[in-house]
Structure formats: structure tokens, C-alpha cells
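A.B. asks: Dumping the structure here so I can ask a few things about it.
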Amino acid sequence: MLNVDLSGKRALVTGASSGIGEAIAGMLAQAGADIAINYFGPSDAAEAVAARARQAGVRAMTAKADISDPDQVSAMFAAMEGTLGGIDILVNDAGMDGPAAPAWEADLAAWRRVLDVNLFGTFLCSREALRRMVPRQSGVIVNLSSVHETIPWSGYSAYTSSKAAVSMLTKTLAQEAAPHGVRVLAIAPGAIRTPINQSVWGDPAGLADLERKIPMGRMGDRDEIARMVAVLASDLASYVTGTTVFVDGGMTDFASFAHGG
13 MLNVDLSGKR ALVTGASSGI GEAIAGMLAQ AGADIAINYF GPSDAAEAVA ARARQAGVRA
73 MTAKADISDP DQVSAMFAAM EGTLGGIDIL VNDAGMDGPA APAWEADLAA WRRVLDVNLF
133 GTFLCSREAL RRMVPRQSGV IVNLSSVHET IPWSGYSAYT SSKAAVSMLT KTLAQEAAPH
193 GVRVLAIAPG AIRTPINQSV WGDPAGLADL ERKIPMGRMG DRDEIARMVA VLASDLASYV
253 TGTTVFVDGG MTDFASFAHG G
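Residue numbers (my numbering): 13 to 273.
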């Protein structure tokens, strides 16, 4: 159990029906927050996450929305307001990496879709949250960035560009919102073991190659991300805003230089 108390807080987690988002929603519920679970695909997984949250003794709802669509985002926040009465915590987790391709072969529609979800989706949800948080002089937004806000990744120029942009968006929103009692920050996971990347960690050679890039020598667990989100969303981090917290086992610490240049 967490030694974090989010009792009475109302949190929206985007992309919360699976992976890291699912773990974050569960952790916030465990800490006492009421949860709105955003999803885009079939509802079964999201409803299961909500059911587990209710078992923790909190209120939970599901909210289907394409976060890149302003109208759907607006409707989702209105639904949350009607069911939970408002929002105190927003976690912008929903994202995608898109198909791998060098820039000169990239499909423009696919490239743009990554930006629409990762960057515009984060902005649209943050905008709706801030419209509610700023007048109340209270609230926290945690954006899911990535180690690839600083580490290039060949074949994924849309993803890396979007995450670098999320980093600067976070800083700018934090600067705007700080005088109004609202904190905005980002968390950057490294290599986290989830079903979506099973093709990597399920292959011994691929896993060994990945682990050589991590000073701690292992992939992270999604609960290690979720615990940090819960801390950052709580009053334990009351003086933290406008920055990215890397939870990456040291991946951004240039593991290849551990034995000299």
C-alpha cells in the first residue's frame, strides 16, 4: 500500500484501460482518489479497471473519448463533472508510437496521428482541466512523457517529436498555472514491461540488448511508474512543478559510457 493519501480527490486518467494507464488508475484508487477511466477501444477492459477501483472503496466511472477530438474531450469532462463533481488530478497517459519508418518513407497521415494523440490530446485535456482548476486555485496535471523526449529513436520521429513537445508544453502550462495554485509536471518512463512491448521482452536476445542500455540492468514495472505518479499528484510533491521526472533505471544516463568513452 502507498503512504499517499488522495482521499476526496477526483482523478481522470486517459488511456487507462490497459498498460501503464491501468496501473496508474489502480494506484490512485488505492490511495483514495475517485477515478474516471478514459478509453478509446472496447469498453470491457475499462469497465474491469473501474470495478477493481470500486473494490478499493472509491467511486469510479468510464469515459470513452478520442482525446484528439476537442468535442469528445469536452463531453468527457462534462460527464466527469456530472458523475464525480469535478476534477482535482489529470493524468495524460494516452499515447501511441505509430508505425516505424525513416522520415523520408513515413506516411503523413500516420505521422500526424501520433502528434494528434500525444501532443494535441495532452493539450486538449489539459486545457479542459485548467479551465476548472484555475478558478478553484487548486489542481495537478501529470503528463506522461518518455525518455525519448531527450533520446532520439530512429524510425519514430513522430513519437520523439511529440514527447519533446509535451516536455515544453508541460513547462509552459506550469508557468502559466503556478500563480493560480495549479501544478503541471511530467513523468518520463524508460523501458517498462507491458503487454504492448512483449515482442521485445519476450525475446531473450531483444531483452538482453535492451537491458544493456539500462544502467540498472532491468526493465521497469508499470507499478513503479504508477507509484511515482501518485506521489507527484499528492501534497508530498507540493513544491514540484514545471519539470520532467525520469523513471527510467538510468537509461538517460548514457549506459554505453559506463566503462569509459
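Backbone N, C-alpha and C define an ideal beta-carbon position, used for all residues, glycine too.
#1: Can you round the beta-carbon distance between THR264 and ILE163 to whole angstroms, since I take them to be within the 8 Å contact cut?
#2: Just mark THR184 as buried or exposed, buried being the case when its beta carbon has 16 or more other beta carbons within 10 Å.
#3: Grab me the residues of ALA91's own chain with a C-beta within less than 7 Å of its C-beta, minus the 5 sequence neighbours each way, in chain order.
#4: Do you know offhand how far ALA170's Cα is from VAL196's?
#5: To which residues does DSSP link ASN50 through a beta bridge?
#6: Quick one: Cα of VAL70 to Cα of CYS137, how far?
#7: Can you find the residues in the same chain that come closer than 7 Å, C-beta to C-beta, to VAL212, ignoring five residues on each side of it along the sequence?
#8: GLU306: which of GLN149, SER166, ASP215 and PRO201 sits nearest, CA to CA?
#9: What residues are listed by DSSP as bridge partners for ASN104?
#10: Measure the Cβ-Cβ separation of GLY110 and GLY202 and say whether it is below 9 Å.
#11: Please determine, among VAL194, ARG224 and GLY97, the residue with the shortest C-alpha to C-alpha distance to GLY254.
#12: Please report the straight-line C-alpha distance between LYS225 and ILE47, rounded to a whole angstrom.
#13: In terms of residue numbering, what span does the alpha helix (DSSP H) encompassing PHE135 cover?
#14: Does the Cβ-Cβ distance between SER19 and ALA41 come in under 9 Å?
#15: For the segment 48-68 and the segment 107-125, state whether three or more C-beta atom pairs, one from each stretch, are separated by less than 8 Å.
#16: Can you grab the Cα-Cα spacing for the pair ALA28 / MET88, in whole Å?
#17: So for VAL126, helix, strand or coil by DSSP?
#18: Using the beta-carbon count (16 or more within 10 Å), is ALA115 buried or exposed?
#19: For the segment 175-182 against the segment 229-240, do three or more pairs of beta-carbon atoms, one drawn from each stretch, fall closer than 8 Å, so that the two count as touching?
#20: Taking 9 Å as the threshold (C-beta atoms), are GLY33 and ALA141 in contact?
#21: Between MET145 and ILE204, is the Cβ-Cβ spacing less than 9 Å?
#22: Suppose the cutoff is 8 Å on Cβ atoms and the five residues either side in sequence are ignored; what does the same chain contact list for LEU96 look like?
#23: If you count every other CB in all the chains shown that lies within 10 Å of the CB of MET231, and 16 or more means buried, which is it?
#24: List the endpoints of the continuous beta strand (DSSP E) containing LEU18.
#25: Can PRO227 and ALA198 be called in contact, C-beta distance under 9 Å?
#26: Please identify the residue among SER166, ALA186, ASN15 and LEU156 whose C-alpha is closest to the C-alpha of VAL259.
C.D. replies: So, from the listed chains and residues:
#1: 6 Å
#2: exposed
#3: ALA75
#4: 23 Å
#5: ALA75
#6: 23 Å
#7: GLY218, LEU219 and LEU222
#8: In the structure as shown, the chain starts at 13 and stops at 273, and residue 306 therefore has no counterpart that could be examined.
#9: ASN155
#10: no
#11: VAL194
#12: 35 Å
#13: 133-148
#14: no
#15: no
#16: 14 Å
#17: helix
#18: exposed
#19: no
#20: no
#21: no
#22: ARG22, ASP46, ALA48, ARG71 and MET73
#23: buried
#24: Element bounds for LEU18: n/a, residue is neither H nor E.
#25: no
#26: LEU156
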